[in-house]
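Below is one structure; the comments refer to it alone.
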Amino acid sequence: MILFDPESREEWLKCRKSGIGGSDAGSVAGLNKYKSNVKLWNEKAGKTVPEDISEKSAVKFGKQAEPIIRGLFKLNFPQYTVDYHEYRMYGTRDRPFMYATLDGELTERETGQHGVLEIKTTTIQNSVQWSEWDNRIPDSYYIQILHQLACTGWNFAILYACMNYLSKSEKRTLFRYYRIDRNDVLSDINWLICKETDFWESVKKNKEPDLILPEI
């Protein structure tokens, strides 16, 4: 269901403060290497102001590339219809603190099933970065998709990634397509719902959670 349907970015940013969005999910689970669960808690509890990253080059590139990549997806995968609402926020009545704003809303033409389109842009410069994509989805992106499936209740999600591969001798652009069916990840979705529910309870009670350390 639609929780909020803001008409402007300012209204959308205001709504974001009232819960946990897809980009927050990795931090809640301790799987975001750029922001810990405690740092996110301080932001949601109103103790610190989130950093404005909108002018960072990677963020600006991703924002400008998104409509182009969404258009390419439409051309390459005509078996889906693609809708887009820039500020619409999906969630459920029983968990209104969880919401998802989507890069695209999919309908499979053959079955009528609904799905989430998640678009990513990334730059690969070394073997460590490449290993995060080697027959898998990076953990923070996988968690974000679980969050979106939890908020929408839809049948599947597709991650469509534009990868700029840089080496000393060449630059290539690659596209990766990953489909995640809801029934295959139900236990992971339920695990994440528990994590986010506990996190939001800590925000409401003004009780800082224990820091989740990365696995060694």
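Residue numbers (numbering that gives the first Met the number 0): 0 to 215. Just so you know, even glycine gets a beta-carbon here, dropped at the ideal spot from N, CA and C. Just so you know, these numbers come straight off a predicted model, no measurement behind them.
Pairwise C-alpha distance: residue j and residue i
{"i": "Y89", "j": "S130", "result": "32 Å"}
{"i": "L30", "j": "D138", "result": "7 Å"}
{"i": "Q124", "j": "S7", "result": "36 Å"}
{"i": "S166", "j": "Y177", "result": "25 Å"}
{"i": "E207", "j": "L74", "result": "47 Å"}
{"i": "W11", "j": "Y86", "result": "6 Å"}
{"i": "E42", "j": "R171", "result": "38 Å"}
{"i": "A57", "j": "K119", "result": "11 Å"}
{"i": "D183", "j": "W40", "result": "30 Å"}
{"i": "L210", "j": "Y140", "result": "21 Å"}
{"i": "L145", "j": "D197", "result": "17 Å"}
{"i": "K38", "j": "E169", "result": "38 Å"}
{"i": "F76", "j": "G70", "result": "10 Å"}
{"i": "C14", "j": "D4", "result": "10 Å"}
{"i": "Y33", "j": "T121", "result": "15 Å"}
Burial state of residue i, where buried means 16 or more other Cβ atoms lie within 10 Å
{"i": "I215", "result": "Reliability fails at I215, whose pLDDT of 49 lies under 50, so the model's placement of it is uncertain and no value is given."}
{"i": "Y98", "result": "buried"}
{"i": "R181", "result": "buried"}
{"i": "E104", "result": "buried"}
{"i": "E9", "result": "exposed"}
{"i": "D23", "result": "buried"}
{"i": "V48", "result": "exposed"}
{"i": "L212", "result": "exposed"}
{"i": "N36", "result": "buried"}
{"i": "L2", "result": "buried"}
{"i": "I52", "result": "exposed"}
{"i": "F174", "result": "exposed"}
Reduced DSSP category for residue i - H, G, I as helix; E, B as strand; rest coil
{"i": "E65", "result": "helix"}
{"i": "E107", "result": "strand"}
{"i": "L212", "result": "coil"}
{"i": "D180", "result": "strand"}
{"i": "V48", "result": "coil"}
{"i": "Y141", "result": "helix"}
{"i": "K73", "result": "helix"}
{"i": "L116", "result": "strand"}
{"i": "A28", "result": "coil"}
Residue i vs residue j beta-carbon contact at 8 Å
{"i": "E107", "j": "Y83", "result": "no"}
{"i": "G21", "j": "Q147", "result": "yes"}
{"i": "L191", "j": "I142", "result": "yes"}
{"i": "G25", "j": "P95", "result": "no"}
{"i": "Y159", "j": "I68", "result": "yes"}
{"i": "V27", "j": "K194", "result": "yes"}
{"i": "T110", "j": "C150", "result": "no"}
{"i": "I205", "j": "A44", "result": "A quick correction: the sequence has Asn, not Ile, at residue 205. Result yes, Cβ atoms of N205 and A44 sit closer than 8 Å."}
Cutoff 8 Å: residue i Cβ touching any chain D Cβ
{"i": "K38", "result": "In summary, chain D is missing from the structure at hand, where a single protein chain is found."}
Does the segment 149-159 touch the segment 102-117, meaning 3 or more C-beta pairs lie closer than 8 Å? A contact exists between the segment 102-117 and the segment 149-159.
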